[in-house]
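Working notes, structure below.
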Amino acid sequence: MRATLLPGESSLGVMGGGQLGRMFVHAAQSLGFRTVVLDPDTDSPAGLVAHQHIRADYLDPNGLNQLAQQCAAITTEFENVPAEALEQLAQTRFVAPAGASVAICQDRAAEKAHFAASAVACAPYAVITTEADLLAVGDDLLPGILKTATMGYDGKGQVRVRSRSDLAAAWAELKQVRCVLEQMLPLALEISVISARSDRGDIVQFPVQQNLHIDGILAVTQVPAPDVSQELQAQALASAARIAASMNYVGVLCVEFFVLQDGRLIVNEMAPRPHNSGHYTMNACDLSQFDLQVRAMAGLPLTQPRLHSPTVMLNLLGDLWFMEQAPTAAGTQPAPRGGAALLGGGPAQGAAPGVERTPAWDQVLALPGTHLHLYGKANARPGRKMGHLNITAGTPEQAESTARRAAALLGLSIAW
Ligand SMILES: Nc1ncnc2c1ncn2[C@@H]1O[C@H](COP(=O)(O)OP(=O)(O)O)[C@@H](O)[C@H]1O
Ligand SMILES: [Mg+2]
Numbered sequence: 000m001r002a003t004l005l006p007g008e009s010s011l012g013v014m015g016g017g018q019l020g021r022m023f024v025h026a027a028q029s030l031g032f033r034t035v036v037l038d039p040d041t042d043s044p045a046g047l048v049a050h051q052h053i054r055a056d057y058l059d060p061n062g063l064n065q066l067a068q069q070c071a072a073i074t075t076e077f078e079n080v081p082a083e084a085l086e087q088l089a090q091t092r093f094v095a096p097a098g099a100s101v102a103i104c105q106d107r108a109a110e111k112a113h114f115a116a117s118a119v120a121c122a123p124y125a126v127i128t129t130e131a132d133l134l135a136v137g138d139d140l141l142p143g144i145l146k147t148a149t150m151g152y153d154g155k156g157q158v159r160v161r162s163r164s165d166l167a168a169a170w171a172e173l174k175q176v177r178c179v180l181e182q183m184l185p186l187a188l189e190i191s192v193i194s195a196r197s198d199r200g201d202i203v204q205f206p207v208q209q210n211l212h213i214d215g216i217l218a219v220t221q222v223p224a225p226d227v228s229q230e231l232q233a234q235a236l237a238s239a240a241r242i243a244a245s246m247n248y249v250g251v252l253c254v255e256f257f258v259l260q261d262g263r264l265i266v267n268e269m270a271p272r273p274h275n276s277g278h279y280t281m282n283a284c285d286l287s288q289f290d291l292q293v294r295a296m297a298g299l300p301l302t303q304p305r306l307h308s309p310t311v312m313l314n315l316l317g318d319l320w321f322m323e324q325a326p327t328a329a330g331t332q333p334a335p336r337g338g339a340a341l342l343g344g345g346p347a348q349g350a351a352p353g354v355e356r357t358p359a360w361d362q363v364l365a366l367p368g369t370h371l372h373l374y375g376k377a378n379a380r381p382g383r384k385m386g387h388l389n390i391t392a393g394t395p396e397q398a399e400s401t402a403r404r405a406a407a408l409l410g411l412s413i414a415w
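Under numbering that gives the first Met the number 0, the sequence shown has 193 at position 194, and the numbering climbs by one with no breaks.
So, in structure tokens, the structure goes:
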């Protein structure tokens with residue numbers, strides 16, 4: 000068994016310098032660990048706050064050597080870190096999660112095979128590698144969603160298809176890379192579970208969170224999950240624990256699920272790291288997902304986190320910086336059209352940005368229980384994750400009503 004890394008005398012490293020790395024660095028530093036980030040970008044959110052920033056490509060042997068020399072344990076903040084890099088680091092250092100676990104999460108086909116091996120139901124699917132696979136697809140998978148097997152995120156790399164001709168066109172659009180075709184399921188809602196597992200096999204879990212996505216990007220997380228029965232929550236927690244244990248996972252793992260209109264629970268995908276839908280834990284729980292990531296890496300005890308406040312998390316995308324005019328008062332936004340939508344004076348996602356402004360943080364922070372987290376990104380862009388706002392309260396109703404006021408002040412109108 001490896002020695003525990005004690006706060007105040009060890010260094011921890013992270014591959015990747017995005018916001019997840021930054022929040023990991025903050026948690027590690029508050030426990031007294033020295034922190035090192037490897038990321039090629041000079042202005043990365045985590046690189047700006049770590050004790051040391053190694054500016055190197057993820058496969059640069061010198062950069063990886065430096066990281067290994069500096070740190071007793073290393074983690075990753077994104078799943079597309081090259082598996083070879085983690086394997087090189089693991090030759091001399093403790094790496095969690097292991098390259099083999101990350102490799103499963105990087106590939107939708109491997110991920111689905113792992114779900115089946117863990118006895119957790121996922122959507123009916125087919126792996127498409129060749130033209131013959133495309134032709135052999137069963138009628139039951141249409142309508143469906145064609146997803147690239149690797150590198151997809153935030154709804155990118157996927158196309159919805161209704162017919163076989165759609166399917167052929169979609170595969171051409173995705174450059175005929177290896178894909179997974181999934182049956183389109185009738186969703187009632189989406190939930191996720193954050194688990195942390197140690198190298199001794201101990202596992203602790205946060206309560207189930209309910210998530211609302213808009214245009215493929217997470218917009219709102221609510222905890223406790225308002226529309227999910229206790230029974231289904233217990234099933235989601237048990238399924239996530241099996242998925243983690245059956246790959247001997249070490250670290251923080253997020254598993255996303257669909258709840259279907261007939262009430263069935265179906266696993267969607269997973270991420271080998273803390274997750275956007277777990278950001279509520281920073282203010283809602285006595286330990287955050289990043290605290291548990293640090294503990295799992297260091298071999299420190301994982302204790303069961305306790306939810307102390309009902310919470311709503313609002314994601315803050317770059318769109319908010321490009322409102323044509325600041326909204327004047329809460330509750331004056333137009334009603335959303337056609338279900339969940341981001342409204343206000345800002346352009347649609349991907350539209351040419353207008354004049355940049357700073358959102359009215361002072362007004363939002365005047366509301367009780369608001370916790371603003373900005374990631375230190377210099378340039379706002381529509382669709383870019385700039386920060387999040389956690390709203391804690393004594394009851395779920397209070398958290399939701401304050402969240403609605405905060406959303407209105409920001410010009411962020413969300414139908415949820
Ligand atoms: N099989 C499916 N049936 C219905 N909706 C789906 C299906 N797969 C994905 N979606 C919708 O698309 C969103 C993004 O898909 P997901 O596989 O989670 O990709 P990403 O890696 O971009 O998050 C999901 O959150 C869900 O709303
Ligand atoms: Mg997803």
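Positions of the beta carbon are idealized from the N, C-alpha and C atoms, including for glycine.
Return the bridge partner residues of residue i from the DSSP annotation.
{"i": "Val-13", "result": "Val-36 and Thr-74"}
{"i": "Met-22", "result": "Beta-bridge pairing links Met-22 to no other residue."}
{"i": "Phe-256", "result": "Ile-190 and Val-266"}
{"i": "Ala-125", "result": "Leu-180"}
{"i": "Lys-384", "result": "Leu-316"}
{"i": "Val-158", "result": "Leu-145"}
{"i": "Ile-242", "result": "For Ile-242, which the question treats as bridged, DSSP gives no partner whatsoever."}
{"i": "Cys-284", "result": "Leu-306"}
{"i": "Leu-371", "result": "Leu-388"}
For residue i, decide whether its Cβ has a neighbour in chain C, counting only Cβ atoms nearer than 7 Å.
{"i": "Tyr-248", "result": "Of the protein chains in this structure there is only one, and it is not chain C."}
Ordered along the chain, which non-local residues of its own chain (more than five positions away) have a Cβ less than 6 Å from that of residue i?
{"i": "Arg-159", "result": "Ile-144"}
{"i": "His-50", "result": "Arg-33 and Thr-34"}
{"i": "Leu-186", "result": "Phe-257"}
{"i": "Ile-193", "result": "Phe-205, Cys-253, Gly-277 and Gln-288"}
{"i": "Glu-255", "result": "Ser-191, Asn-267 and Glu-268"}
{"i": "Val-13", "result": "Gly-20, Phe-23, Val-36, Thr-74 and Glu-76"}
{"i": "Ser-197", "result": "Ala-295 and Leu-301"}
Would DSSP call residue i helix, strand or coil?
{"i": "Leu-47", "result": "coil"}
{"i": "His-274", "result": "coil"}
{"i": "Met-296", "result": "helix"}
{"i": "Val-176", "result": "coil"}
{"i": "Met-322", "result": "coil"}
{"i": "Arg-199", "result": "coil"}
{"i": "Ile-413", "result": "coil"}
{"i": "Gly-98", "result": "helix"}
{"i": "Ala-329", "result": "Only weak support is given to the placement of Ala-329: the predicted model assigns it a pLDDT of 41, under 50, and the value that follows is read from those uncertain coordinates. Here Ala-329 sits in coil by DSSP."}
{"i": "Gly-7", "result": "coil"}
{"i": "Glu-399", "result": "helix"}
{"i": "Gly-62", "result": "helix"}
{"i": "Leu-236", "result": "helix"}
{"i": "Leu-85", "result": "helix"}
{"i": "Gly-168", "result": "Residue identity differs from the one stated: residue 168 is Ala in this sequence, not Gly. In this structure, Ala-168 counts as helix in the three-state DSSP scheme."}
{"i": "Gln-209", "result": "strand"}
{"i": "Gln-90", "result": "coil"}
{"i": "Ala-218", "result": "strand"}
{"i": "Leu-30", "result": "coil"}
{"i": "Val-251", "result": "strand"}
Below 6 Å, is the gap between the Cβ of residue i and the nearest heavy atom of ligand 2?
{"i": "Glu-230", "result": "no"}
{"i": "Glu-78", "result": "no"}
{"i": "Glu-268", "result": "yes"}
{"i": "Glu-255", "result": "yes"}
Just mark residue i as buried or exposed, buried being the case when its beta carbon has 16 or more other beta carbons within 10 Å.
{"i": "Ser-29", "result": "exposed"}
{"i": "Gly-215", "result": "exposed"}
{"i": "Gly-262", "result": "exposed"}
{"i": "Lys-155", "result": "exposed"}
{"i": "Thr-91", "result": "exposed"}
{"i": "Asp-318", "result": "buried"}
{"i": "Leu-364", "result": "exposed"}
{"i": "Gln-292", "result": "buried"}
For residue i, which residues in the same chain have their Cβ closer than 7 Å to its Cβ, ignoring the five residues on either side in sequence?
{"i": "Leu-58", "result": "Pro-81, Glu-83 and Ala-84"}
{"i": "Ala-122", "result": "Glu-181, Gln-182, Leu-184 and Ile-265"}
{"i": "Glu-78", "result": "Val-101, Cys-104, Gln-105, Ala-270, Pro-271 and Arg-272"}
{"i": "Leu-63", "result": "Ala-84, Gln-87 and Leu-88"}
{"i": "Ala-406", "result": "Leu-313, Ser-412 and Ile-413"}
{"i": "Pro-395", "result": "Pro-223, Pro-225 and Pro-309"}
{"i": "Lys-146", "result": "Arg-107, Gly-156, Gln-157, Cys-178, Val-179 and Glu-181"}
{"i": "Met-150", "result": "Asn-79 and Gly-156"}
Just to check, is the beta-carbon of residue i closer than 6 Å to a non-hydrogen atom of ligand 1?
{"i": "Tyr-248", "result": "no"}
{"i": "Asp-153", "result": "yes"}
{"i": "Glu-181", "result": "yes"}
{"i": "Gly-215", "result": "yes"}
{"i": "His-212", "result": "yes"}
{"i": "Leu-122", "result": "Position check: residue 122 holds Ala in this sequence, whereas Leu was assumed. Yes, Cβ of Ala-122 sits closer than 6 Å to a heavy atom of ligand 1."}
{"i": "Ile-144", "result": "yes"}
Tell me whether residue i, by its Cβ, gets closer than 6 Å to a heavy atom of ligand 4.
{"i": "Leu-184", "result": "As far as ligands go, the structure on display features ligand 1 and ligand 2 and does not contain ligand 4."}
Going along the chain, which residues of its own chain have a beta-carbon closer than 8 Å to the beta-carbon of residue i, five neighbours each way excluded?
{"i": "Thr-41", "result": "Arg-54"}
{"i": "Thr-327", "result": "Note that Thr-327 has pLDDT 47, beneath the 50 cutoff, so the model's placement of it is unreliable and the number below is only indicative. Same-chain partners within the cutoff: there are none."}
{"i": "Arg-1", "result": "Phe-93, Asp-198 and Gly-298"}
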